[in-house]
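Engineer: One structure coming up, written as structure tokens, with questions to follow.
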Amino acid sequence: MAKPSYVKFEVPQELAEKALEAVEIARDTGRIRKGTNETTKAVERGQAKLVIIAEDVDPEEIVAHLPPLCEEKEIPYVYVPSKKELGAAAGLEVPAASVAIIEPGKARELVEDIAMKVKELMK
């Protein structure tokens, strides 16, 4: 299956798993914003440290604005394959199209590592 138009780069499985782990740790020890509306607000306000976007969002327009917005605000973003997995990592019983890590808590080093790897992928 072809990647959606908003997916601007290929994310290795290992990096996607690290991103989900960072969401879980930040959920428990820091602060996250769940869902596209909350994520968008966090990015616009410059509060997000890392944005995680699901690749299987339908319709694509729900999250299509996030990559350009993150680039404009210089906030790193990464893709994960499944909105169901992203929702579960965020502590939800429903899927989440996107999540923003506001305060990484104990995931700080992990978030910094992911951000560095994402910069390499975007070149």
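In terms of our numbering, the sequence shown is residues 47 to 169. In this text, a Cβ means the ideal position worked out from N, Cα and C, and glycines have one as well.
#1: Between V97, T86, T82, K54, which has its C-alpha nearest P141's C-alpha?
#2: Tell me, please, which residues DSSP counts as bridged to K34.
#3: Since S144 and V97 should fall inside the 8 Å C-beta cutoff, what is the C-beta to C-beta distance between them, to a whole number of angstroms?
#4: Spatial neighbours of R154 within its chain, please: C-beta separation below 7 Å, excluding the five flanking residues on both sides.
#5: What are the boundary residues of the alpha helix (DSSP H) that includes L167?
#6: So what's I98 in DSSP terms, helix, strand or just coil?
#7: How about K80 and A161: do their beta carbons lie closer than 8 Å?
#8: Quick one: grab the DSSP three-state call for P140.
#9: Contact between the segment 115-129 and the segment 53-67: three or more CB pairs below 8 Å?
Structural biologist: Put simply:
#1: T82
#2: With the chain covering 47 to 169 only, the question about residue 34 has no answer from this structure.
#3: 6 Å
#4: Hits under 7 Å: none found.
#5: 154-167
#6: strand
#7: Cβ atoms of K80 and A161: not closer than 8 Å.
#8: The sequence shown places Val at residue 140, rather than the Pro named in the question. Three-state result, V140: coil.
#9: yes
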